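Reading through the structure tokens given below for one structure.
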Amino acid sequence: MSRTPELTALFHEKFNAAPAQAAFAPGRVNLIGEHTDYNDGFVLPLAIQFGVYLAGRVTSDGRVRAHSANFPDEPVDFPLGEEPRGKGWGQYLRAVLYELAAVGVRPAGLELVFIGDVPPEAGLSSSAAFSVVTSLLVSALVGRSWDDKVALAKLCQAAEHRTGVMCGLLDQMASAACQAGSAMLLDCRDLSRRMVALDRQKLAVIVGDTTVKRSLNDGRYNQRRAECEAAARAFGVRALRDVTPELLAAKTGSVEDVLVRRARHVMTEDDRVHGFAAALAAGDLATVGRLVDQGHASLRDDFEVSCPELDAICEAFRGAGAYGARMVGAGFGGSAIAVVAPEKAADVIAGAAAAYRQKTGRSGVFHVVAAGDGAAVFAI
260 MSRTPELTAL FHEKFNAAPA QAAFAPGRVN LIGEHTDYND GFVLPLAIQF GVYLAGRVTS
320 DGRVRAHSAN FPDEPVDFPL GEEPRGKGWG QYLRAVLYEL AAVGVRPAGL ELVFIGDVPP
380 EAGLSSSAAF SVVTSLLVSA LVGRSWDDKV ALAKLCQAAE HRTGVMCGLL DQMASAACQA
440 GSAMLLDCRD LSRRMVALDR QKLAVIVGDT TVKRSLNDGR YNQRRAECEA AARAFGVRAL
500 RDVTPELLAA KTGSVEDVLV RRARHVMTED DRVHGFAAAL AAGDLATVGR LVDQGHASLR
560 DDFEVSCPEL DAICEAFRGA GAYGARMVGA GFGGSAIAVV APEKAADVIA GAAAAYRQKT
620 GRSGVFHVVA AGDGAAVFAI
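Offset between the sequence shown (1-based) and our numbering: plus 259.
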């Protein structure tokens with residue numbers, strides 16, 4: 260793995276020893292299907308080349324000692340079994356270890372070092388990558404593997420819930436179960452999935468980080484989830500996935516407008532996921548771009564999770580020649596994606612960067628992302 264020497268050196272620096280094993284879990288880009296996972300809907304993510312690396316070994320003193328290259332001034336040291344509390348990256352570590360203990364993964368003690376290269380608070384699932392890599396490596400250190408990717412994703416979801424983020428399963432499933440060269444079409448109700456091939460000769464995906472940071476536990480994400488649950492009750496359905504155009508029309512006027520708009524986003528976004536997958540298979544990239552643009556408009560207008568910088572970076576992508584662009588992740592900041600012809604990727608990045616800077620005064624950060632494999636343990 261690309262960060263192995265750095266990982267080994269950091270571990271030796273902190274613990275004057277060699278790690279026993281290491282692991283990597285990727286971040287993700289969701290091509291389409293935003294805010295649908297916790298509504299039992301459909302999503303189409305891919306794992307990206309950026310993620311979280313972890314090296315570790317078991318000790319015998321009953322304590323967890325951990326360091327992160329990303330938070331060098333925030334070392335973590337606590338007794339095993341301590342309930343999640345506090346703020347900072349250590350709360351995520353406590354939460355994952357707490358959930359692992361509940362399923363019998365109980366090391367006698369741990370020394371861990373983390374290196375992450377997925378930008379935090381950029382909408383690329385750095386927190387899911389962290390929880391997945393921690394679960395995989397700590398389990399491997401005590402001789403347990405996770406062949407059941409759904410069970411792994413659910414454990415990591417439970418850990419995030421313990422930190423106060425009531426997320427769906429999109430991010431954890433993408434980090435744990437995606438395959439190189441493909442996006443994963445996931446049904447978030449029954450968790451069935453199939454891989455959708457991505458032809459890198461025909462389509463490139465660019466991520467543009469607005470550099471507007473946001474945190475999932477600032478309350479707005481949980482507010483949207485609560486609104487969706489209220490909308491499902493108002494529409495008399497199990498989840499917003501079950502809303503039909505006929506039901507939406509029948510309830511419009513009698514149900515609070517904000518709940519109608521939340522329901523309309525989920526209903527139309529699910530349709531866009533299936534349309535995107537079909538257009539991709541047919542090589543209809545104009546339709547792919549149109550659906551991506553429609554997704555952003557729905558997230559902006561009906562779900563109200565965009566922000567001026569996300570709108571600006573999407574406009575910049577389109578103006579620079581992308582097929583389409585939309586915000587990605589929870590919203591309120593973070594990143595957008597653009598789908599482009601591969602031979603135009605460099606020009607689109609240059610044009611979008613200039614236009615975004617002119618519009619906002621910010622320097623965005625741009626990457627072409629590749630569809631990679633899900634998380635794995637590796638020798639070190």
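Don't be surprised by glycine CBs; every beta carbon is placed ideally from N, CA and C. This one's a predicted model, so the numbers in the text were calculated from it and none came from an experiment.
Notebook entry, point to check: Where Pro-601 and Ser-594 are concerned, what is the direct C-alpha to C-alpha distance, given to the nearest angstrom?
Noted result: 20 angstroms
Next item on the list: Give me whichever residues DSSP pairs with Glu-370 in a beta bridge.
Entry: The partner list for Glu-370 (beta bridge, DSSP) reads Arg-316 and Arg-324.
Check: How about Glu-574 and Thr-619: do their beta carbons lie closer than 8 angstroms?
Finding: Cβ distance not < 8 angstroms, so Glu-574 and Thr-619 don't count as in contact.
Check: How many Å lie between Thr-546 and Gly-292 at the Cα?
Finding: 16 angstroms
Margin query: For Ala-282 and Val-392, what's the separation of their Cα atoms in angstroms?
Written below: For Ala-282 and Val-392, the distance between alpha carbons rounds to 6 angstroms.
Next item on the list: Would you tell me roughly how many angstroms separate the C-alpha atoms of Gly-631 and Gly-580, rounded to the nearest one?
Entry: Rounded to the nearest angstrom, the two C-alpha atoms are 25 angstroms apart.
Next item on the list: With a 10 Å radius around its C-beta and 16 neighbouring C-beta atoms as the bar for buried, classify Asp-561 as buried or exposed.
Entry: buried
Next item on the list: Name the one or two DSSP bridge partners that Thr-511 has.
Entry: Val-514
Check: Span of the alpha helix (DSSP H) holding Lys-610?
Finding: Per the sequence presented here, residue 610 reads as Gly, with Lys not at that position. That run of the alpha helix (DSSP H) goes 604-619.
Check: Under 8 angstroms, do Ala-325 and Pro-343 count as touching if we go by C-beta distance?
Finding: no
Next item on the list: Spatial neighbours of Ala-490 within its chain, please: CB distance less than 7 angstroms, with the 5 preceding and 5 following residues excluded, ordered by chain position.
Entry: Around Ala-490: Leu-499, Leu-518, Arg-521 and Ala-522.
Margin query: Taking the straight line between their C-alpha atoms, what separation do you get for Glu-515 and Ala-328?
Written below: Rounded to whole angstroms, Glu-515 to Ala-328 spans 47 angstroms at the Cα level.
Next item on the list: Just confirm the distance between the C-beta atoms of Asp-336 and Arg-322, as a whole number of angstroms; I'd bet it's less than 8 angstroms.
Entry: The Cβ separation is near 6 angstroms, so the contact holds.
Check: For Arg-497, which option in Pro-264, Asp-320 and Asn-298 has the closest C-alpha, if you only look at C-alpha atoms?
Finding: Minimum Cα distance to Arg-497 is reached at Asn-298.
Margin query: Quick check: what's the CA-CA separation for Ile-572 versus Ala-493?
Written below: 35 angstroms
Item checked: Candidates Leu-550, Val-624 and Ala-268, of which the one nearest Leu-371 by Cα -> Measuring C-alpha to C-alpha distances from Leu-371 to each of Leu-550, Val-624 and Ala-268 identifies Ala-268 as the nearest.
Next item on the list: With DSSP collapsed to three states, give me the class of Met-425.
Entry: coil
Notebook entry, point to check: Does the distance from the C-beta atom of Cys-447 to that of Thr-295 stay below 8 angstroms?
Noted result: yes
Note to self: Suppose contacts are defined by Cβ-Cβ distances below 8 angstroms. Is Ser-394 in contact with Leu-383 by that definition?
What the structure shows: no
Margin query: If contacts are defined as beta-carbon pairs under 8 angstroms, then Pro-366 and Val-397 qualify, I think. What distance do you get, rounded to the angstrom?
Written below: 6 angstroms
Notebook entry, point to check: For Ser-594, which of helix, strand or coil comes out of DSSP?
Noted result: strand
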